[in-house]
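Colleague: As given, the protein sequences belong to chains A and B, one line each in that order. Okay, so the first sequence: first residue is 3 according to the working numbering, each after it adds one. Okay, so the second sequence: first residue is 250 according to the working numbering, each after it adds one.
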Amino acid sequence: MSRAVQGWALRLLPVFAGMVLGGALMLVGLAQAGRLTGKDPEAVVALAQQMQVVHRKVDLQLRADDVAGAIETLEDARTLPWPDHDRGGDLGMELRHDVYGRLVRLRLDHPDVDAVSAAGLLKIVDEGLGADPEAVDANPFTARLIALRGEALEGQGRDGEALTAYERALDINRSLLERELGDLP
Amino acid sequence: MSRVVCSIATQGVRWVSLAAIALSACSKAQSSTATPAAGAAAAPAAGMDADAGVIQEAAPADDGFDGLHAKLATLEDGLRDVGVRVVGWEPSDATPAGEDPGRCTRVCELKEAICELEAHICNLAETHTGQARYAEACARVQTDCAWATEACDACSPT
């Protein structure tokens, strides 16, 4: 091996090390933060990166007033193989609730774009919340999706159930605020 | 050759950025909260946002992380040596140690969420006049909204 090639190899060593350490740090960081509690942390990190791209795309589409495109992008995200709570942990569920919340908010704000029925909207919300949303640690994404469930129920005239959903969302938001203000550990 | 080097260097920057995101996730988790980022969109979104401001957050004072920070700094120096402009975590003089610069944003976003719920619940209470459950829920959320507004106002920079 020539000296020039050896020199390049030595100079590129930190780059390769940075790549490896960067990926490892993301995993370690999230794990230390207690955010990777599922059985498949690598899949959740990949999902988080994928969702970042989805949200950026939706940002751009909305900036261009392309609501239909944004809804389509988020509908496509629905078809992803989302991990359940057991596999993806709280972080996997939060990512899912964030995307579904954004989709449902857009659908509620723009009912004429790619219209779905009130029942269809509720189905999307319930699909996003999954089997046991109560098992997910308190977070603003789940709170928002539960509040949106209230709006979807209200749209169907199911006011009693809507109030229950709003109160549940309120409980979560209150506990989050208490944590922020240091009233809770 | 130079094209290959550039490509690899770009990948390196990306991975270092990912590392910074991971570190910021840890400092976020100290408050046990993930907050939807307010964006230009009609709805808040993007839980794993990697905005530059997030990367500026103070890191927890943990021996393990100090070590990782040191390693990361060394690797970033290596990247700079090969001509890569590294955008990563830098200590911020503007943020006192131990203070979370995103806290006020989160508190005020929670206030927005709570007061939005107040609108929904109290609208329902108006529709169901005379029904105690709705009236009580409305009174309760009004108290919560006032409390959250007070917390946000107290927290907001003057």
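We put the CB at the ideal spot given by N, CA and C, even for glycine. Values in this document were obtained by computation on a predicted structure and should not be read as measured data.
Return the CA-CA distance between A:R89 and A:D42, expressed in angstroms with no decimal places.
Modeller: Within the first sequence, numbered from 1, the residue matching residue 89 of chain A stands at position 87. Within the first sequence, numbered from 1, the residue matching residue 42 of chain A stands at position 40. When only Cα atoms are considered, A:R89 and A:D42 end up about 5 Å apart.
Colleague: In the DSSP assignment, find the alpha helix (DSSP H) that holds B:V390 and state where it starts and stops.
Modeller: Start at 1 with the first residue of the second sequence, and residue 390 of chain B comes out as number 141. 381 to 404 is the extent of the alpha helix (DSSP H) around B:V390.
Colleague: For A:R160 and A:A72, I'd like the C-alpha separation in whole angstroms.
Modeller: Here residue 160 of chain A is taken as the residue at index 158 of the first sequence, counted from 1. Here residue 72 of chain A is taken as the residue at index 70 of the first sequence, counted from 1. Going from the Cα of A:R160 to the Cα of A:A72 covers about 29 Å.
Colleague: Any idea what DSSP makes of B:H377, helix, strand or coil?
Modeller: Against the second sequence, residue 377 of chain B aligns to sequence position 128. If DSSP states are grouped into helix, strand and coil, B:H377 belongs with coil.
Colleague: Quick one: what does DSSP say A:Q158 is sitting in, helix, strand or coil?
Modeller: In the first sequence, residue 158 of chain A corresponds to position 156, counting from 1. Collapsing the DSSP output to three states places A:Q158 in coil.
Colleague: Applying the criterion that 16 or more other CB atoms from any shown protein chain within 10 Å of the CB defines a buried residue, is A:T144 buried or exposed?
Modeller: Position 142 of the first sequence, counting from 1, holds the residue named residue 144 of chain A. It counts as buried.
Colleague: Please list the terminal residues of the continuous alpha helix (DSSP H) segment that includes A:P43.
Modeller: Numbered from its first residue, the first sequence carries residue 43 of chain A at position 41. Residues 43 to 65.
Colleague: Is A:Q8 buried or exposed, if buried means 16 or more other CB atoms sit within 10 Å of its CB?
Modeller: As a working mapping, residue 8 of chain A is identified with position 6 in the first sequence. By the 10 Å Cβ count, A:Q8 comes out exposed.
Colleague: Residues in the same chain with beta-carbon distance under 6 Å from B:A400, minus the five sequence neighbours each way, listed in chain order, please.
Modeller: Position 151 of the second sequence, counting from 1, holds the residue named residue 400 of chain B. Closer than 6 Å at Cβ, skipping near neighbours: V356.
Colleague: Taking only three categories from DSSP, how would you classify A:T81?
Modeller: In the first sequence, residue 81 of chain A corresponds to position 79, counting from 1. Looking at A:T81 - three-state DSSP - the assignment turns out to be coil, as it is neither helix nor strand.
Colleague: Just to confirm my understanding: we take B:L366, look at its own chain, exclude 5 residues before and 5 after, and list those with CB closer than 7 Å. What are they?
Modeller: Residue mapping note: residue 366 of chain B aligns to position 117 of the second sequence, counting from 1. These residues qualify, in order along the chain: V390.
Colleague: Please decide whether B:E375 counts as near chain A, where near means a Cβ-Cβ distance under 8 Å.
Modeller: Against the second sequence, residue 375 of chain B aligns to sequence position 126. For B:E375, not one C-beta of chain A is nearer than 8 Å to its own C-beta.
Colleague: What residues of chain B sit near A:A171, judged by a beta carbon separation below 8 Å?
Modeller: Along the first sequence, one-based indexing puts residue 171 of chain A at 169. Per Cβ cutoff of 8 Å: A362, L366.
Colleague: Counting only beta-carbon separations shorter than 8 Å, does B:A289 have a partner in chain A?
Modeller: Here the question's residue 289 of chain B lines up with position 40 in the second sequence. Because B:A289 sits at a pLDDT of 31, beneath the cut-off of 50, its placement in the model cannot be relied upon, and the following sentence gives the value as read from the coordinates. Yes - at least one Cβ of chain A is within 8 Å of the one on B:A289.
Colleague: Quick one: which chain A residues come within Cβ less than 7 Å of B:D393?
Modeller: Taking the second sequence and counting its residues from 1, one reaches residue 393 of chain B at position 144. Within 7 Å Cβ-Cβ: L172, R176.
Colleague: Between which residues of its own chain and A:E177 is the CB-CB distance below 6 Å, once the five residues before and five after are set aside?
Modeller: Against the first sequence, residue 177 of chain A aligns to sequence position 175. Note that residue 177 of chain A is Ser in the sequence shown here, rather than Glu. Around A:S177: A140.
Colleague: So with CB distances below 7 Å, who are the chain B contacts of A:G90?
Modeller: As a first step, residue 90 of chain A must be located in the first sequence, where it is residue number 88. Close partners of A:G90 in chain B (Cβ separation under 7 Å) are lacking, with about 13 Å as the shortest Cβ gap.
Colleague: Any Cβ of chain B within less than 8 Å of the Cβ of A:L179?
Modeller: Locating residue 179 of chain A in the first sequence gives position 177, where the first residue counts as 1. Closer than 8 Å to some Cβ of chain B, the Cβ of A:L179 qualifies, so yes.
Colleague: If you follow the alpha helix (DSSP H) that A:L184 is part of, which residue opens it and which one closes it?
Modeller: For the purposes of this step, residue 184 of chain A is taken as the residue at position 182 of the first sequence. Reading off the sequence shown, one finds Gly at residue 184 of chain A, where the question assumed Leu. Note, A:G184: premise wrong, no alpha helix (DSSP H); not H, not E.
Colleague: Would you identify the three-state DSSP class for A:D134, choosing helix, strand or coil?
Modeller: The residue you call residue 134 of chain A lines up with position 132 of the first sequence. Of the three classes helix, strand and coil, the one that applies to A:D134 here is coil, per DSSP.
Colleague: Answer yes or no: does any C-beta atom of chain A fall closer than 8 Å to that of B:E399?
Modeller: Here residue 399 of chain B is taken as the residue at index 150 of the second sequence, counted from 1. So, not an interface residue.
Colleague: Counting only beta-carbon atoms, is B:C357 nearer than 8 Å to chain A?
Modeller: In the second sequence, counting from the first residue as 1, residue 357 of chain B sits at position 108. So, not an interface residue.
Colleague: Is A:G122 helix, strand or coil when you go by DSSP?
Modeller: In the first sequence, the residue the question calls residue 122 of chain A occupies position 120. In this structure, A:G122 counts as helix in the three-state DSSP scheme.
Colleague: Do you know how far the Cα of A:V118 is from the Cα of B:G351?
Modeller: If you number the second sequence from 1, residue 351 of chain B lands on position 102. If you number the first sequence from 1, residue 118 of chain A lands on position 116. In a straight line, the C-alpha of B:G351 is about 37 Å away from that of A:V118.
Colleague: Take A:M95 and list the residues in its own chain whose beta-carbon comes closer than 6 Å to its own, dropping the five residues that flank it on each side.
Modeller: To locate residue 95 of chain A, count along the first sequence from 1; it is residue 93. Hits under 6 Å: H87, V138.
Colleague: Go ahead and label A:G162 buried or exposed: buried means 16 or more other beta carbons lie within 10 angstroms of its beta carbon, across all protein chains shown.
Modeller: Here residue 162 of chain A refers to the residue found at position 160 of the first sequence. Exposed: under 16 other Cβ atoms inside 10 Å.
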